[in-house]
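Asks:
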């Protein structure tokens, strides 16, 4: 599934280039589907696309609908019912066993820029927010139009599109809790003649990499592909860290490792990997991280090195809970050799921890494959 970050980038690029696009968004799911509510695809005027909403099952048909939406300039909702064999009659051959509603909305450059900003605000938030989208409305001067969006749950309501007299925004904001409880299943509410679909957007993982050695590039490449917010920390001035080596990441200078939080900011959605290959500096990074809200703290190197850190901090009355919070040796047991294999093992472990999973085989999982709600890491092992 294409990340929210890739969709944001595609919309922003289109807006900067003065190009119109059509945005396809899954707004309702019943049964099984490839991606949950909020899965998106951008369709450009030339027919090229960014993202998928079904793993390839309905993208061609959606592109045809997108062409009509672009021509007419009017949003519409398309429904795909894959729960039976009817889809074989018209050639889709779907196998997802679910019913999904997909909103297609035409976005001229200013509108594309607005949606990109709204989604980016959700990704950069400290807590999950909800995007409320109008999917059905009766035309009228005081009524919102199909495709209007509102970002709720973060204090001030951020909107794009035409919300009419804006009278629905207050009741929509009051349904934020119900949307969070529904999670990736999504939530649909009717407010009189207006139907609104809610999607929860979890903040992007903030991966802080303490170190700028050659082995960091694999982490940056993999994390960037997942749409994470990446920061590479170096004790030297930024220009000496060669930021061009880390495309997709910000490079931050932190001369005093104990002041890491001042340099990068750490939230409950922050994962930190300590890998400067300098024991004293790594130890100070760990001290700073243990005093922060970081959800994941991993240290590269052998077990004995991490045990030495824990022992040294303990002898100084520091590092309370270090034995529980520190993950070292770092990474899942995937096997393989070299920086790419090590990077994959680390990124996989970060993803598992941040999603509250154990990192085992899905075949052995007895709970639902997709978590219903956001913000819980209760399954962390």
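Numbering (this note's numbering), first residue to last: 391 to 771.
Virtual Cβ for every residue (Gly too), placed ideally from N, Cα, C.
As the structure is a prediction and not an experimental result, all values here were calculated from the model.
(1) Take the Cβ of residue 454 as the centre, count every other Cβ of all protein chains shown within 10 Å, and call the residue buried at 16 or more, exposed below.
(2) Between the C-alpha atoms of residue 495 and residue 467, what's the straight-line distance to the nearest angstrom?
(3) To the nearest angstrom, how far is the alpha carbon of residue 507 from that of residue 398?
(4) Per DSSP, what kind of secondary structure is residue 539 in: helix, strand or coil?
(5) Unbroken beta strand (DSSP E) runs of length 3 or more, entirely within the region 646-694: which are they?
(6) Pairs of beta-carbons, one from the region 607-619 and one from the region 629-641, closer than 8 angstroms: are there three or more?
(7) Since residue 512 and residue 598 are thought to touch, with beta carbons under 8 angstroms apart, how far apart are those beta carbons, to the nearest angstrom?
(8) Cα separation between residue 531 and residue 443?
(9) If you reduce the DSSP assignment to three classes, tell me which class residue 418 lands in.
(10) Ignoring anything shorter than 4 residues, give me the alpha helix (DSSP H) runs that lie fully in the region 610-647, in order along the chain.
(11) Based on the DSSP secondary-structure assignment, which residues constitute the bridge partners of residue 522?
(12) So what does DSSP say about residue 756, is it helix, strand or coil?
(13) Let me know the secondary structure DSSP gives residue 730 once reduced to three states.
(14) Three Cβ pairs or more, each shorter than 8 angstroms: is that satisfied between the region 744-756 and the region 712-721?
(15) Count the other C-beta atoms from every protein chain shown that fall within 10 angstroms of the C-beta of residue 771, then say buried if there are 16 or more, exposed otherwise.
(16) Grab the span of the beta strand (DSSP E) containing residue 579 for me, first residue to last.
(17) Is it right to say residue 604 is buried, meaning 16 or more other beta carbons lie within 10 angstroms of its own, or is it exposed?
(18) If you run the structure through DSSP and keep just helix, strand and coil, what is residue 529?
(19) Anyone know if the C-beta pair for residue 490 and residue 440 falls short of 8 angstroms?
(20) Following the continuous alpha helix (DSSP H) through residue 507, name the residue where it begins and the one where it ends.
(21) Beta-carbon separation of residue 679 and residue 393 under 8 angstroms?
(22) Are the region 663-682 and the region 642-650 touching by the rule of at least three beta carbon pairs closer than 8 angstroms?
(23) Do you know how far the Cα of residue 527 is from the Cα of residue 642?
(24) For residue 480, count the other beta carbons within 10 Å of its own beta carbon; 16 or more makes it buried, fewer makes it exposed. Which is it?
(25) Can at least three beta-carbon pairs, one atom from the region 583-592 and one from the region 724-739, be found at a separation below 8 angstroms?
(26) For residue 429 versus residue 501, is the C-beta distance shorter than 8 angstroms?
(27) Do you know how far the Cα of residue 538 is from the Cα of residue 659?
(28) By the 10 Å Cβ neighbour count, where 16 or more other Cβ atoms means buried, how is residue 484 classified, buried or exposed?
(29) Going by beta-carbon coordinates alone, are residue 576 and residue 426 separated by less than 8 angstroms?
(30) Measure from the alpha carbon of residue 670 to the alpha carbon of each residue in 645, 717, 555 and 618, then state which is nearest.
(31) Around the Cβ of residue 478, are there at least 16 other Cβ atoms within 10 angstroms (buried) or fewer (exposed)?
(32) Which residues bound the beta strand (DSSP E) around residue 471?
(33) What do you get for residue 706, buried or exposed, if any count of 16 or more other CB atoms within 10 angstroms of its CB means buried?
(34) Provide the residue(s) that pair with residue 462 in DSSP beta bridges, ordered along the chain.
(35) So what's residue 516 in DSSP terms, helix, strand or just coil?
(36) Expressed to the nearest angstrom, what Euclidean distance is found between the alpha-carbon atoms of residue 593 and residue 556?
Replies: Result, derived from the coordinates:
(1) exposed
(2) 9 angstroms
(3) 8 angstroms
(4) strand
(5) Runs of the beta strand (DSSP E) inside the region 646-694: 660-664 and 686-689.
(6) yes
(7) Rounded, the Cβ-Cβ distance is 20 angstroms, inconsistent with contact.
(8) 33 angstroms
(9) Three-state result, residue 418: strand.
(10) none
(11) 540 and 588
(12) coil
(13) Helix at residue 730.
(14) no
(15) For residue 771, the pLDDT reaches just 33, beneath the cut-off of 50, and the residue's location in the model is therefore unreliable, although a value from the coordinates is still provided. Flag for residue 771 reads exposed.
(16) 577-581
(17) Exposed, by the Cβ-count rule.
(18) In the structure shown, residue 529 sits in coil (DSSP, three-state: anything other than H, G, I, E or B).
(19) For the pair residue 490 and residue 440, the CB atoms are not nearer than the 8 angstroms cut-off.
(20) Under the DSSP assignment, residue 507 falls in the alpha helix (DSSP H) whose first and last residues are 499-513.
(21) no
(22) yes
(23) Separation of residue 642 and residue 527 (C-alpha to C-alpha, rounded to the nearest whole angstrom) is 47 angstroms.
(24) The pLDDT assigned to residue 480 is 38, lower than 50, so where the model puts this residue is not dependable; a value taken from the coordinates is nonetheless given after this. So residue 480 counts as exposed.
(25) no
(26) no
(27) 29 angstroms
(28) Low local confidence applies: a pLDDT of 45 at residue 484 is under 50, so the model's placement there is unreliable, with the coordinate-based value given in what follows. The residue is buried, with at least 16 neighbouring Cβ atoms inside 10 Å.
(29) In contact: residue 576 and residue 426 (Cβ atoms closer than 8 angstroms).
(30) It is 645.
(31) Low local confidence applies: a pLDDT of 42 at residue 478 is under 50, so the model's placement there is unreliable, with the coordinate-based value given in what follows. The residue is exposed, with fewer than 16 neighbouring Cβ atoms inside 10 Å.
(32) 466-471
(33) exposed
(34) For residue 462, which the question treats as bridged, DSSP gives no partner whatsoever.
(35) Assigned with DSSP and collapsed to three states, residue 516 falls in coil, not helix or strand.
(36) Cα to Cα, the separation comes out at about 26 angstroms.
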